[in-house]
Amino acid sequence: MIIYLDMDGTLVDFVSQVNKYGSWRKDRPDKVDWDKVKVMGPRFWAEMEWMPGQKRHS
0 MIIYLDMDGT LVDFVSQVNK YGSWRKDRPD KVDWDKVKVM GPRFWAEMEW MPGQKRHS
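Using numbering that gives the first Met the number 0, the first residue of the sequence shown is number 0, and each one after it goes up by one.
Dropping the structure here:
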């Protein structure tokens, strides 16, 4: 089982991932377009880079 925790910028770099895939809303560039994130599916979350000082435990 894999459990993902705190995927919003504490452990992984959420903002960089949103920037990488252009997942900001066009009408509100300060908000995430969750429809674009959903289309990417698990890949969006799995490819995020770790924040400095964080590490993966398996």
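From the three backbone atoms N, C-alpha and C, an ideal C-beta is built for every residue, glycine too.
Can you list, in chain order, the residues of its chain with a C-beta nearer than 6 Å to that of residue i? Leave out the 5 residues immediately preceding and following it.
| i | result |
| --- | --- |
| Gln16 | Met47 |
| Lys30 | Arg24 |
To the nearest angstrom, how far is it from the Cα of residue i to the Cα of residue j?
| i | j | result |
| --- | --- | --- |
| Leu4 | Asp12 | 13 Å |
| Arg42 | Lys54 | 19 Å |
| Gly18 | Lys37 | Reading the sequence as shown, one finds Asn at residue 18 and not Gly. Asn18 and Lys37: Cα-Cα distance of roughly 15 Å. |
| Ser22 | Trp44 | 13 Å |
Can we count residue i as close to the ligand COA, meaning its CB is less than 8 Å from some heavy atom?
| i | result |
| --- | --- |
| Met39 | This structure does not include the ligand COA; it has no bound ligands of any sort. |
Within its chain, find whatever has a CB closer than 7 Å to the CB of residue i; leave out the 5 residues flanking it on each side and keep chain order.
| i | result |
| --- | --- |
| Met39 | Tyr20 |
| Asp7 | Phe13 |
When the Cα of residue i is compared with those of the options, which residue comes out closest?
| i | options | result |
| --- | --- | --- |
| Leu50 | Lys35, Arg27, Thr9, Met0 | Note on residue identity: the sequence assigns Met, not Leu, to residue 50. Cα-wise, what sits closest to Met50 is Thr9. |
Alpha helix (DSSP H) runs wholly inside the segment 6–51, at least 4 long, in chain order: Scanning the segment 6–51 from its first residue to its last, the whole alpha helix (DSSP H) runs of 4-plus residues come out as 13–19, 33–39, 41–45.
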